[in-house]
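For the first sequence, this note's numbering gives the first residue as 345, with consecutive numbering after it.
Yeah, the Cβ is synthetic: ideal placement off N, Cα and C, and Gly gets one too.
Here is the structure we will look at, set down as structure tokens.
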Amino acid sequence: MPTMSPSVIKLDRGFYLRPTLEVARDLIGKYLVYREKGNSLSARLVEVEAYVGQGDPACHAAAGRTGRNEVMFGSGGFSYIYFIYGMYYCLNVVTEDEGFPAAVLIRGAEPVEGIEIMKSRFKYSDNNRLADGPGKLCKAFHLTQRQNGLDLTGVKLYLEDRHYRPVKIERSQRIGIKKGVEKNWGFFEAGSPFVSIKLK
DNA sequence: TGTTGGATCAACT
DNA sequence: GTTGATCCAACAC
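Following this line, the structure appears as structure tokens:
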């Protein structure tokens, strides 16, 4: 057997079909990859939040099934992208089994590939903080409602384990919500300059 | 260095 | 009619 360097592994369905808090924590340090029109964009996740089922008042599914949150009720391993505040999109990855509506909001990432393309989507971009916030991340990656419900085990949008291991992962409250604030269901990589503005 | 309000729309009351 | 898992420019100190 030849000595092999660790290979890049696309996260499979099984990764997502687990308790949401475990998935959220394990997503820190993984790579988000999006392939569009011959371009390949990627970024390493540094900040996420868990939204866990209808018992979580901050979860979009708390009030029941609607057209918007429908994909959260499906199987884990799909994208849930919604429009908010009239101008921003937010990317979530759906977790757990079909019928249990839960997801992990991707809040912040460090751009790795396609940085110039990401920069071109902002009016001002004098640094690489192009995905330090859920709205900015979607803008940098050009993710909109059209990417809602994509299979994350497919070829367009997926997550990879490139064997990066965060030195330290910390917990925080979830940001921008009014209900369920007492839950420490935010996870972020300690010391990263790419966590969203509000945590700094 | 900190606070405020505009942009702008889907979902809900 | 109001609110919301946001961001950034413009102002006040």
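query, result
"Selection from F538, W529, V390 that minimises the alpha carbon distance to E366", "W529"
"Pair within 9 Å by beta-carbon distance, L503 and L355", "yes"
"Terminal residues of the beta strand (DSSP E) in which E454 lies", "446-457"
"Proximity of K558 and E380 at Cβ, strictly below 9 Å", "Residue 558 cannot be examined here, being either before or after the span of the chain that is shown, 345 to 544."
"Counted within 10 angstroms of its Cβ, other Cβ atoms place F359 as buried (16 or more) or exposed", "buried"
"Coil, strand or helix - F531 by DSSP", "strand"
"Residue environment, R451, which counts as buried when at least 16 other CB atoms sit within 10 Å", "buried"
"Beta-carbon contacts of V525 that lie in its chain and below 6 Å, excluding the five residues immediately before and after", "Q517"
"Helix, strand or coil at Y360 according to DSSP, with G and I counted as helix", "helix"
"N-terminal and C-terminal residue of the alpha helix (DSSP H) that L481 is part of", "478-485"
"V352 to D505 span [Cα, whole Å]", "6 Å"
"Member of Y508, N471, F444 whose CA lies at the smallest distance from the CA of R409", "F444"
"Whether R473 touches F538 by CB criterion (9 Å)", "yes"
"Classification of Y433 by the beta-carbon crowding that lies within 10 angstroms, buried from 16 upward", "buried"
"Cβ-based burial, Y429 [other Cβ within 10 Å; buried from 16]", "exposed"
"Chain-order list of residues whose beta-carbon lies under 6 Å from that of V396 (same chain, five-residue window excluded)", "T364, A446"
"Where A368 falls, given that 16 or more other Cβ within 10 Å makes a residue buried", "buried"
"Rounded straight-line distance, which links the Cα of K463 to that of F427", "21 Å"
"CA nearest to the CA of L385, picked from R515, D470, I372, I459", "I459"
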